[in-house]
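Enquirer: Chains as they are written, first to last, in this note's numbering: chain A, 119 to 395; chain B, 119 to 395; chain C, 119 to 395. Would you mind keeping the following structure in view while I ask a few things?
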Amino acid sequence: MMNKVINSFLRQSHRSYSSIAAAAIQKPMAGGDLIAVDFEANTGIATMFLNKPPANDMDVDMLDEATNAIKDAQKNSRVKGIILTSILDWGVFTHGINIMDVYKSNKRNDSYLSELWDHFHDWFVAWYGCDKPVVAAINGNASSTGCIWALMCDYRVMLADQKTKIGINDTQMGIAPAPFVVDLVRSVSGSRHAEEITLGGRLLDAEDALRTGLVNEITPKDYLVARARHQLQQLIEIPPEAYGATKLRLREPLLRNITAKKESDPEYYQQPLTHLS
Amino acid sequence: MMNKVINSFLRQSHRSYSSIAAAAIQKPMAGGDLIAVDFEANTGIATMFLNKPPANDMDVDMLDEATNAIKDAQKNSRVKGIILTSILDWGVFTHGINIMDVYKSNKRNDSYLSELWDHFHDWFVAWYGCDKPVVAAINGNASSTGCIWALMCDYRVMLADQKTKIGINDTQMGIAPAPFVVDLVRSVSGSRHAEEITLGGRLLDAEDALRTGLVNEITPKDYLVARARHQLQQLIEIPPEAYGATKLRLREPLLRNITAKKESDPEYYQQPLTHLS
Amino acid sequence: MMNKVINSFLRQSHRSYSSIAAAAIQKPMAGGDLIAVDFEANTGIATMFLNKPPANDMDVDMLDEATNAIKDAQKNSRVKGIILTSILDWGVFTHGINIMDVYKSNKRNDSYLSELWDHFHDWFVAWYGCDKPVVAAINGNASSTGCIWALMCDYRVMLADQKTKIGINDTQMGIAPAPFVVDLVRSVSGSRHAEEITLGGRLLDAEDALRTGLVNEITPKDYLVARARHQLQQLIEIPPEAYGATKLRLREPLLRNITAKKESDPEYYQQPLTHLS
Numbered sequence: 119m120m121n122k123v124i125n126s127f128l129r130q131s132h133r134s135y136s137s138i139a140a141a142a143i144q145k146p147m148a149g150g151d152l153i154a155v156d157f158e159a160n161t162g163i164a165t166m167f168l169n170k171p172p173a174n175d176m177d178v179d180m181l182d183e184a185t186n187a188i189k190d191a192q193k194n195s196r197v198k199g200i201i202l203t204s205i206l207d208w209g210v211f212t213h214g215i216n217i218m219d220v221y222k223s224n225k226r227n228d229s230y231l232s233e234l235w236d237h238f239h240d241w242f243v244a245w246y247g248c249d250k251p252v253v254a255a256i257n258g259n260a261s262s263t264g265c266i267w268a269l270m271c272d273y274r275v276m277l278a279d280q281k282t283k284i285g286i287n288d289t290q291m292g293i294a295p296a297p298f299v300v301d302l303v304r305s306v307s308g309s310r311h312a313e314e315i316t317l318g319g320r321l322l323d324a325e326d327a328l329r330t331g332l333v334n335e336i337t338p339k340d341y342l343v344a345r346a347r348h349q350l351q352q353l354i355e356i357p358p359e360a361y362g363a364t365k366l367r368l369r370e371p372l373l374r375n376i377t378a379k380k381e382s383d384p385e386y387y388q389q390p391l392t393h394l395s
Numbered sequence: 119m120m121n122k123v124i125n126s127f128l129r130q131s132h133r134s135y136s137s138i139a140a141a142a143i144q145k146p147m148a149g150g151d152l153i154a155v156d157f158e159a160n161t162g163i164a165t166m167f168l169n170k171p172p173a174n175d176m177d178v179d180m181l182d183e184a185t186n187a188i189k190d191a192q193k194n195s196r197v198k199g200i201i202l203t204s205i206l207d208w209g210v211f212t213h214g215i216n217i218m219d220v221y222k223s224n225k226r227n228d229s230y231l232s233e234l235w236d237h238f239h240d241w242f243v244a245w246y247g248c249d250k251p252v253v254a255a256i257n258g259n260a261s262s263t264g265c266i267w268a269l270m271c272d273y274r275v276m277l278a279d280q281k282t283k284i285g286i287n288d289t290q291m292g293i294a295p296a297p298f299v300v301d302l303v304r305s306v307s308g309s310r311h312a313e314e315i316t317l318g319g320r321l322l323d324a325e326d327a328l329r330t331g332l333v334n335e336i337t338p339k340d341y342l343v344a345r346a347r348h349q350l351q352q353l354i355e356i357p358p359e360a361y362g363a364t365k366l367r368l369r370e371p372l373l374r375n376i377t378a379k380k381e382s383d384p385e386y387y388q389q390p391l392t393h394l395s
Numbered sequence: 119m120m121n122k123v124i125n126s127f128l129r130q131s132h133r134s135y136s137s138i139a140a141a142a143i144q145k146p147m148a149g150g151d152l153i154a155v156d157f158e159a160n161t162g163i164a165t166m167f168l169n170k171p172p173a174n175d176m177d178v179d180m181l182d183e184a185t186n187a188i189k190d191a192q193k194n195s196r197v198k199g200i201i202l203t204s205i206l207d208w209g210v211f212t213h214g215i216n217i218m219d220v221y222k223s224n225k226r227n228d229s230y231l232s233e234l235w236d237h238f239h240d241w242f243v244a245w246y247g248c249d250k251p252v253v254a255a256i257n258g259n260a261s262s263t264g265c266i267w268a269l270m271c272d273y274r275v276m277l278a279d280q281k282t283k284i285g286i287n288d289t290q291m292g293i294a295p296a297p298f299v300v301d302l303v304r305s306v307s308g309s310r311h312a313e314e315i316t317l318g319g320r321l322l323d324a325e326d327a328l329r330t331g332l333v334n335e336i337t338p339k340d341y342l343v344a345r346a347r348h349q350l351q352q353l354i355e356i357p358p359e360a361y362g363a364t365k366l367r368l369r370e371p372l373l374r375n376i377t378a379k380k381e382s383d384p385e386y387y388q389q390p391l392t393h394l395s
């Protein structure tokens, strides 16, 4: 399946299967089993395919692979920009952290949850603090922490079809999103829509996601990859030092806040979930 | 008159007059003369009707009844959500604090103004800090502190007709809105429109109110109640603990700021009005 | 040329050439050679024409004249409001600070750059802190610090034609915009568009500038002056004390921040440019 989807992805980007075979499957740049990374030497684009059926669950293993993949891309001077997408072809970008895991850990009262937030924190800082251009090609549902992943990218192209949805549906599941999630949504959608999105907890279709600023662009399936690549190419052409410095400048308040919170307040992430126990 | 209007309101919500007679008129839940409260046991919806002809002036008495009504609703576990509307059928939601009272007090140099701001503060904290869903059915003009009341609700449905207006028209009356008002408008409409709204001081018709985010939805008269009830029902269905925690999380910065100001700086509210004396 | 352009400008505002001859050319209110100021006694409108061919470069001299002009307008009780526009009729509002000057100073390692930021700071505080209504009539390209100048005005009318552009194109030139620039764009366009505008560094045409909130209104050439004057007139009619207090209240956080930074951190402005040396 992975070969078929990557192949289709690459056909849209006018590349042959042979190049992907070498890059993403046989010898991924930095990905493991859960994230297949395809690197194009000529463009400097690293495409990261989420590959954890059935829903790209963001458990500790997935978070770690994701953290390592972006850190490697950050360090590798040949990588000019990153595309984040899903390899699953049944309409899933990622459903984020599995709520049942959280419920169960809360019941067991074990350390899973605190461990999870630890890895989550590192993942957040690595992706949000990456100073290279990152574009999300949202080719399936992106809910809760899955939506957060997309929001951390610099530009979001979303599949416009009847069923693909995006949103922070935490309240609907009985969870209050963490303060930094509220801040992140605010920084992307503005205060007005952030309240609607985080409080109402509805999942939005492509039209509503565009209207509220959750995504920058919506497109039919056949153009998704081409549009994501086009936008990334535009960002890659900006002098990288200026791009990186400006990106970090924009994100500094939130990055500083989440880092300070982690050290001073281990309850920062877990707090929203305590009422579930 | 009150019976007639409430009756019409309830007919639109498919309830019989008999239920309202018991609830809002003969035995209001917590309201006094100035705010009639109708409570529906089966839905958990408490509708609060502003009832202070001719313009629902927000004087000390009105503020106190409003504070008590929302505090009672907050404490009463049977209340799932609140609708705020006006009982007056001549196109007035509320004109807010009566500016002439403020002028006169300034001239007399008496304690009315400082007393007013004291009650205003308690009212603001009680309404803005209520963690249950609150929807405004704006069925008439909402200006200055009247607009603020609507903005403190979680969702605003506004009557779309030729004459209903909403806005912070303080500057037009020679008053600079308080800093927390600016912050509130920013949190609802975003920075861009907040500047236009608070600086220009124009009252906006329904179309402009929707465009600038002052309200979430506009509707012809016949659908106003139904739309407000529908939206409130959606919010009520969200797990209340998650809803409440998220709502307070979104509002915490402003609530903390206004509370700190009150203690440290009694001039906080009065300052904008001193140049009128 | 100056007479011809001002004349055309004034014809659109239904004034005769004779009045401008006295005011802007023979006896400018406070302008020098680089900024011609025309003052209309009957309306209280001071129009400031940028006049430094070929691109209204914002060098130390231009910044100083601009600072003096707005300070004089601020102090002069007969001035009710200000229009900022360009006298150049080849499609230039202002290109802002000349990047080549900055490059050269960096190479020479002399004091020009630090001197420039000093004057820039005074200019920013004087214009952003002016409490009278200021409207920009953007009749040509406004890029980088030229765009900032327009953003500091209270209302922006932009010429809608095929070639006029506006934006913060710093990243495209290899420069990271200063933190206060990011904050300024945020306060005008909201967080969402601020990221797109400052990170992507694209110059926007009138339609995109309107969509992202960089300008309030776009108009064909024949209506530019009339629309700017109309909007300014509206703002002038608001009681000035209330207008001024509200304007400063909205801008206080950014003004306080930039003032604090200047004293504590001389690197604040220069920092973005060090990588160019």
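Think of the CB as a built atom: it goes at the ideal place given N, C-alpha and C, for glycine as much as any other residue.
Suppose contacts are defined by Cβ-Cβ distances below 8 angstroms. Is A/Gly319 in contact with A/Ile286 by that definition?
Expert: In contact: A/Gly319 and A/Ile286 (Cβ atoms closer than 8 angstroms).
Enquirer: Determine the DSSP secondary structure at C/Ile205, reduced to helix, strand or coil.
Expert: The answer is coil: DSSP assigns C/Ile205 none of H, G, I, E or B.
Enquirer: Determine whether the Cβ of A/Ala139 lies closer than 8 angstroms to any Cβ atom of chain B.
Expert: Per-residue confidence for A/Ala139 stands at a pLDDT of 34, beneath the threshold of 50, marking its modelled position as unreliable; the derived number appears in the next sentence. Not closer than 8 angstroms to any Cβ of chain B, the Cβ of A/Ala139 fails to qualify, so no.
Enquirer: Have a look at the DSSP bridge pairing and note the partners of B/Ser261.
Expert: Answer is B/Gly285.
Enquirer: Assign C/Trp404 to buried or exposed, taking buried as 16 or more other Cβ atoms, counted over all protein chains shown, within 10 Å of its Cβ.
Expert: This structure leaves residue 404 of chain C out entirely; chain C is present only between 119 and 395.
Enquirer: If we ignore side chains and look at the alpha-carbon of each, how far apart do C/Asp240 and C/Thr377 end up?
Expert: Cα-Cα distance, rounded: 10 angstroms.
Enquirer: Whole angstroms are fine: how far does the CA of C/Gly362 sit from the CA of C/Val303?
Expert: Their backbone Cα atoms lie some 21 angstroms apart in a straight line.
Enquirer: Using the beta-carbon count (16 or more within 10 Å), is C/Arg345 buried or exposed?
Expert: Buried: at least 16 other Cβ atoms inside 10 Å.
Enquirer: Mind listing which residues of the region 364 to 383 of chain C have their C-beta closer than 7 angstroms to chain A's C-betas, in chain order?
Expert: So the list is empty, because no residue satisfies the distance condition.
Enquirer: Just the chain A side, please: which residues come within less than 7 angstroms of C/Arg345 by C-beta, in chain order?
Expert: Those within 7 angstroms of C/Arg345 in chain A number zero; the least Cβ separation is about 27 angstroms.
Enquirer: For C/Leu332, which three-state DSSP category applies?
Expert: C/Leu332: coil per DSSP, three-state reduction.
Enquirer: Just grab the DSSP bridge partners of C/Thr165 for me.
Expert: C/Asp156 and C/Ile201, per the DSSP bridge assignment.
Enquirer: Starting from C/Tyr230, follow the alpha helix (DSSP H) in both directions and report where the run begins and ends.
Expert: Counting along the chain, the alpha helix (DSSP H) containing C/Tyr230 begins and ends at Tyr230 to Tyr246.
Enquirer: Taking 8 angstroms as the CB-CB limit, is A/Glu313 close to chain B?
Expert: Yes - at least one Cβ of chain B is within 8 angstroms of the one on A/Glu313.
Enquirer: Tell me which same chain residues have a C-beta within less than 6 angstroms of the C-beta of C/Gly247, skipping the five on either side of it?
Expert: Closer than 6 angstroms at the Cβ level, and outside the excluded window around C/Gly247, lie Leu373.
Enquirer: If we ignore side chains and look at the alpha-carbon of each, how far apart do A/Ser262 and C/Val253 end up?
Expert: Cα to Cα, the separation comes out at about 43 angstroms.
Enquirer: Run down chain B in chain order and give the residues with a C-beta less than 7 angstroms from the C-beta of A/Ile293.
Expert: Chain B residues near A/Ile293: Ala360.
Enquirer: Below 6 angstroms CB to CB, which residues in the same chain sit around B/Pro371 once its five sequence neighbours on both sides are set aside?
Expert: Closer than 6 angstroms at Cβ, skipping near neighbours: no residue.
Enquirer: Under three-state DSSP, which class holds C/Met276?
Expert: In this structure, C/Met276 counts as strand in the three-state DSSP scheme.
Enquirer: If you run the structure through DSSP and keep just helix, strand and coil, what is A/Ala173?
Expert: Here A/Ala173 sits in coil by DSSP.
Enquirer: Taking all protein chains shown into account, decide if A/Asp151 is buried (16 or more other Cβ within 10 angstroms of its Cβ) or exposed.
Expert: Exposed: under 16 other Cβ atoms inside 10 Å.
Enquirer: Between B/Lys379, B/Leu368 and B/Glu359, which lies nearest to B/Lys250 when the distance is taken from Cα to Cα?
Expert: Minimum Cα distance to B/Lys250 is reached at B/Glu359.
Enquirer: State the DSSP-derived secondary structure class of C/Ile293, mapped to helix, strand or coil.
Expert: Note: C/Ile293 maps to coil in three-state DSSP.
Enquirer: State buried or exposed for C/Pro297, treating a residue as buried only when at least 16 other CB atoms are found within 10 Å of its CB.
Expert: Classification of C/Pro297: buried, given that the 10 Å Cβ count is 16 or more.
Enquirer: Using the Cα positions of C/Arg347 and C/Thr212, report the straight-line distance between them to the nearest angstrom.
Expert: Rounded to whole angstroms, C/Arg347 to C/Thr212 spans 20 angstroms at the Cα level.
Enquirer: Use the C-beta contact count for B/Glu158: other C-beta atoms within 10 angstroms, 16 or more gives buried, fewer gives exposed.
Expert: Counting Cβ neighbours within 10 Å, B/Glu158 comes out buried, since at least 16 surround it.
Enquirer: Select from B/Gly331, B/Arg310, B/Glu314 and B/Tyr230 the residue whose C-alpha is nearest the C-alpha of C/Ile356.
Expert: Measuring from the Cα of C/Ile356, the nearest candidate turns out to be B/Glu314.
Enquirer: What residues in the region 314 to 331 of chain B have a beta carbon less than 9 angstroms from any beta carbon of chain C?
Expert: Those residues of the region 314 to 331 of chain B that come within reach of chain C (Cβ to Cβ, closer than 9 angstroms) are Glu314, Thr316, Leu317, Gly318, Gly319 and Arg320.
Enquirer: Please determine, among B/Val197, B/Asn186, B/Ile188 and B/Leu181, the residue with the shortest C-alpha to C-alpha distance to B/Ala162.
Expert: Residue identity differs from the one stated: residue 162 of chain B is Gly in this sequence, not Ala. Checked all of B/Val197, B/Asn186, B/Ile188 and B/Leu181; the closest Cα to B/Gly162 is B/Val197.
Enquirer: In terms of DSSP beta bridges, what is A/Ile256 paired with?
Expert: Paired residue(s): A/Met276.
Enquirer: For the region 278 to 310 of chain A, list every residue whose C-beta sits within 8 angstroms of some C-beta in chain B, in sequence order.
Expert: Cβ contacts with chain B come from Asp288, Thr289, Gln290, Met291, Gly292, Ile293, Ala294, Pro295, Pro297, Val300, Gly308, Ser309 and Arg310.
Enquirer: Within its chain, find whatever has a CB closer than 6 angstroms to the CB of A/Thr165; leave out the 5 residues flanking it on each side and keep chain order.
Expert: Result list for A/Thr165: Asp156 and Ile201, in chain order.
Enquirer: What's the call for B/Ser204, buried or exposed, on a 16-neighbour Cβ count within 10 Å?
Expert: Buried: at least 16 other Cβ atoms inside 10 Å.
Enquirer: Mind pulling the chain D residues with CB within less than 9 angstroms of A/Ile356?
Expert: Absent here is chain D; the protein component of the structure consists of chains A, B and C.
Enquirer: Per DSSP, what kind of secondary structure is C/Leu321 in: helix, strand or coil?
Expert: Reduced to three states, the DSSP call for C/Leu321 is coil.
Enquirer: Hey, B/Met276 and B/Gly214 are a contact pair by Cβ (cut 8 angstroms); roughly how many whole angstroms apart?
Expert: 16 angstroms between Cβ atoms; not a contact.
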